[in-house]
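Chemist: Residue numbers (our numbering), protein chains in the order written: chain A, 420 to 1002; chain B, 420 to 1002.
Encoded as structure tokens, here's the structure I'll be asking about.
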């Protein structure tokens, strides 16, 4: 037994107890006749006191030799502190040390092990095992564990069965790029790592498993955008004999359970919005509804005058920014530059100040009179004191640009409060989306998603208009989950593959095992998958996932701590019947 | 809502209720004016009745057209059965059907969906989604879920934090063969899939995580013996500031918790045995202690006569087989043939019948008199009616052969009762084992295992005699878990690598990140990993793991259901800068 108590445990009621503690030296202060050491473990910090009048001289000497991050074990007595620290749970006491044993020494760490460290991202990743000693990272990992435990308990109580599906599966060209694994026992052949357990969970429904879930790693070999990881974790779920409403019920229940157990929040029934409505009102299929600034379409009130830019645009659309009528010319120019950046790509922006006195002042006053501008205010819901910002151009692109601006302003104005939670279902997604490069339709969700019965007749004539039984769960402007009711008959699945440009042979070759399974009594089924990394981060009040992953990879897919990937021996490649062919 | 109740739910108290059920047609019987259908889902079977006098003619016709494994939805009324079936929970009632909807038809399945199926292993694996519909497989998967939930709850309650470690890591030549994954973004470089999260869990200890666990897939690219899988699941655990006794306590507690919650069994404190003792008493480091037949060493009582075979042997060792003195010559010859098979490799076997009347009859009566044989009986603990079986030769090899015979007889005699559970700790494993082929020592557990302090002085002189702080948890003759107290200082770790034949450079290159981490205050730590597949199977009363894995691979590492691994497109290989090189 290295310790009788943890470093977060002792309280005033423990006074006079003899205790043994072990942990890391957070810091020490030498005041001549006394030395104080903050001893840290996972559970907290306890102050140790070494006092010349009460502590053995040899132990005093040991204490003075301690460096930061030394691992020590001490035995001593709990005493009441003279000056209490109300900011820490153990702040009423300290441990008067009798014996000290150095369990391990430490080099000076390359950055300070403090909440606000002096270490940059790169050095913290290289020494991630030191970074995790810091509260923000450690607490994120503990938080993630709590979330997954709550998820598992909730689903298990509803008769969901966690089933492990294989990691060494088959490569399919649909979807993102696979990571592949050469097979030594089957030379020239390869496994793929799963992008998701999609087909396996559907097979489990065919197998009668009825309610399945799995918290599982998935893999996508894509160029890494910020905050994307090549391996990521899903809460993958599937149910049989259900309709869309049943799925929304269960997973709304799960999300509500998490908000309640983790944040003691009771949330109303989640609002729902169709994909079309979300795009129209927020320019975005995952709107953050914690704040307003809803889109106001201005075509009817802005295209009747001589302003050519608006007249020639497919869409003129604006938002009313609260408390921004007083922005200076410089502030507004900065916003205009912001939307003109290549990442956003707007060609310009019109503004209209709604002065507190009820008058308007716009950048296009020579084309529009006060009455016109009053109509703009009405369409965007602008109040006196607001600033209306207006973009125009092709409808989809313009909405996307204005959505980016809305989110940016939401951040700048502090409207996106991390600990306010606004879940939302977005439903009725399109089944297909046009891929300009490939000149073909792609499945917007995936090729197993069922079309809405009432839209199937449009598959030949207007495939882009067919809606799917597909839904996303959005939390605070982030998609945290998405799913669909699946196709469960072979004919519809074959029709779907046809519309995705597969020949019957290609479909059979790649998805034959699923289509064959559908011949043997597949039940109606559907499901949903949460992105656990993001879900946890959002619930934790963060938007970046990196601190919720113990050992993340950088943007080149490298683990800089262990230095992977790396070259391997030729003999290893030979055994696998492959060779490196650098071009 | 496709159903108001599951097929396992309705009871006599539900009589007269209008219900909706959905599921698969297990079987149907057409008695002319009545049709009965057994409707099955995950939760059970409910009998449906279609009766010409009470059911619509069109529905009767539909019912008669149903085939096995059709997926249907029915609505009807719960009625009391005329002839009740006490063998099923719903056996008191049946549902008189009013409406029937075929949700999906089914081809005739390639094997019967019954507990005792007519399908062989190969066809069941190819159609695993049908195999899982059978109770034995379905229940194994549900059982596995229950085990993992109990494990997670138990460990979480003890403050263990589940942390996900990466799957795309670095290849190291130590241990088994890695599966590797080419990196597209780092051409010519490869990730490896983890054989275990060993180094990461140790880094989490350095990181101060204190108590870690993870239920995690691991990968070994080894030639597959029966009942081995290339991907398998571990319950991986690690603790800081502990000694061996603490680890044994916690995981004995976990195992006891499983036996209690799953089998309502209270088990005594687990017995412990050193590796040496286990080898001496059972010829095996994972002895099945549910039955006796302990080894009796006979050198002292068998090497004083003219029987050259025994006199020249390093070890003469026997077991007493209960109730086998009456074996015929033919039965004994069969046993002799069994130990002489190449898999066992004994050159012969001596026997001695302990007759009920107290006399002895052996195959070597011309060398040994009754008094000698009485001494053999004493040494092996043989009673009248037992058959003593004796092997001789080099000590280790002979013990291993006799152990195989003991287990075989345990099986044949029904002494290995599947629902009797006898856990055992085997401790004090050797640190190193000699590898004849490589002419070097290997780490018996792994290179991070600490030697016993009192044996370190033997590292140079007699490395094979150094014992490790290593332990296995054995259940019913199977190793279900194993672990060790780790080395936590850089010097001992370097010493260990030296004795394993690594140069300092090789050690730094392969394990530098761990040894570097040890410079920054590594705490004393240790852990254990359970093999979840085997643990679950044993707890389920089985010795084969295959039905506890949803989608297992065959002995060539193939998933015959999805037909993986498979060839992939050259463009995919080109992107990864690799090519196939068949020799």
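Beta carbons are placed, not taken as given, at the ideal position from N, Cα and C, and that holds for glycine.
Closer than 8 Å is the cut-off here; do at least three beta carbon pairs connect the segment 899-907 of chain B with the segment 505-517 of chain A?
Modeler: no
Chemist: Confirm, please, whether the CB-CB distance from residue 657 of chain B to residue 946 of chain B is below 8 Å.
Modeler: yes
Chemist: Quick check: what's the CA-CA separation for residue 757 of chain A versus residue 763 of chain A?
Modeler: When the Cα atoms are used, residue 757 of chain A and residue 763 of chain A turn out to be separated by approximately 8 Å.
Chemist: Could you compute how far the alpha carbon of residue 577 of chain A sits from the alpha carbon of residue 791 of chain A?
Modeler: 57 Å
Chemist: For residue 765 of chain B versus residue 759 of chain B, is the C-beta spacing smaller than 8 Å?
Modeler: yes
Chemist: Can you tell me the Cα-Cα spacing of residue 732 of chain A and residue 819 of chain A, whole angstroms?
Modeler: Straight-line measurement puts the Cα of residue 819 of chain A at about 15 Å from the Cα of residue 732 of chain A.
Chemist: Determine the extent of the alpha helix (DSSP H) in which residue 556 of chain A is found, giving its start and end residues.
Modeler: 554-576
Chemist: Using 8 Å as the limit for Cβ to Cβ distance, is residue 461 of chain B near chain A?
Modeler: Yes, contact with chain A.
Chemist: Excluding sequence positions up to five away, which residues of its chain have a Cβ less than 6 Å from the Cβ of residue 639 of chain B?
Modeler: 595 and 614
Chemist: Could you spell out where the beta strand (DSSP E) holding residue 850 of chain B opens and where it closes?
Modeler: Counting along the chain, residue 850 of chain B falls outside any beta strand (DSSP E), and DSSP gives it neither H nor E.
Chemist: Mind listing the chain A neighbours of residue 522 of chain B? Cutoff is C-beta to C-beta under 7 Å, in chain order.
Modeler: 942 and 943
Chemist: Indicate whether at least one CB of chain B lies closer than 8 Å to the CB of residue 656 of chain A.
Modeler: no
Chemist: Does the segment 533-550 of chain B come close enough to the segment 598-609 of chain B that 3 or more CB-CB pairs lie under 8 Å?
Modeler: no
Chemist: Chain B partners of residue 907 of chain A, CB-CB under 7 Å?
Modeler: 523
Chemist: Got a sec? Which residues, its chain only, sit under 8 Å from residue 948 of chain B by beta carbon, not counting five neighbours each side?
Modeler: 615, 653, 654, 655, 656, 900, 901 and 902
Chemist: With distances taken Cα to Cα, identify the nearest neighbour of residue 522 of chain B among B:608, B:441, B:455 and B:546.
Modeler: B:441
Chemist: Would you mind giving the Cβ-Cβ distance between residue 704 of chain B and residue 845 of chain B, rounded to the nearest angstrom? I have them listed as a contact below 8 Å.
Modeler: 6 Å
Chemist: Answer with yes or no whether the minimum CB distance from residue 982 of chain B to chain E is below 8 Å.
Modeler: The structure shown contains no chain E; its protein chains are A and B.
Chemist: Quick check on residue 527 of chain A: buried or exposed, where buried means 16 or more other Cβ atoms within 10 Å of its Cβ?
Modeler: exposed
Chemist: Closer than 8 Å, CB to CB, is residue 663 of chain B near chain A or not?
Modeler: no
Chemist: Output, in chain order, the set of chain A residues within a Cβ distance shorter than 7 Å of residue 1001 of chain B.
Modeler: 606, 607 and 996
Chemist: Please compile the residues from chain B whose C-beta is within a distance smaller than 8 Å of the C-beta of residue 975 of chain A.
Modeler: 604 and 605
Chemist: Ordered along the chain, which non-local residues of its own chain (more than five positions away) have a Cβ less than 7 Å from that of residue 426 of chain B?
Modeler: 440, 442, 458, 459, 460, 462, 463, 464 and 465
Chemist: From residue 543 of chain A to residue 552 of chain A, what distance separates their C-alpha atoms?
Modeler: C-alpha separation (whole angstroms): 11 Å.
Chemist: Cβ atoms of residue 688 of chain B and residue 787 of chain B: under 8 Å apart, would you say?
Modeler: No; because the gap between Cβ atoms is not below 8 Å, this pair is not in contact.
Chemist: At 9 Å on the CB atoms, spell out the chain A contacts of residue 865 of chain B, in chain order.
Modeler: Listed by position along chain A, the residues whose Cβ is nearer than 9 Å to that of residue 865 of chain B form an empty set, because the closest Cβ is around 17 Å away.
Chemist: What in chain B is Cβ-close to residue 660 of chain A, meaning under 7 Å?
Modeler: 421, 422 and 441
Chemist: Along the chain, which unbroken stretches of the beta strand (DSSP E) at least 3 residues long are found entirely within the segment 614-658 of chain B?
Modeler: 630-638
Chemist: Strictly by DSSP, which residues pair up with residue 948 of chain B?
Modeler: B:655 and B:901
Chemist: Looking at the C-beta of residue 855 of chain B, does it have a partner C-beta in chain A at a distance below 8 Å?
Modeler: no
Chemist: How is the alpha helix (DSSP H) around residue 1057 of chain B delimited, first residue to last?
Modeler: Chain B is shown from 420 up to 1002; residue 1057 of chain B falls before or after that span and cannot be answered.
Chemist: What residue ranges within the segment 919-1002 of chain B form continuous alpha helix (DSSP H) runs of no fewer than 4 residues, ordered along the chain?
Modeler: 923-936, 951-958 and 989-994
Chemist: Once you ignore the five residues that flank residue 588 of chain B on each side, which residues in its own chain have a CB closer than 7 Å to its CB?
Modeler: 610, 611 and 613
Chemist: Give every residue of the same chain whose Cβ lies closer than 6 Å to the Cβ of residue 581 of chain A, excluding the five residues on either side of it in the sequence, and list them in chain order.
Modeler: Counting only residues of its own chain and dropping the five nearest sequence neighbours on each side, residue 581 of chain A has a CB closer than 6 Å to the CB of 632 and 633.
Chemist: Please tell me whether residue 777 of chain B has its Cβ less than 8 Å away from any Cβ of chain A.
Modeler: no
Chemist: Please check if any C-beta of chain A sits within less than 8 Å of the C-beta of residue 542 of chain B.
Modeler: no
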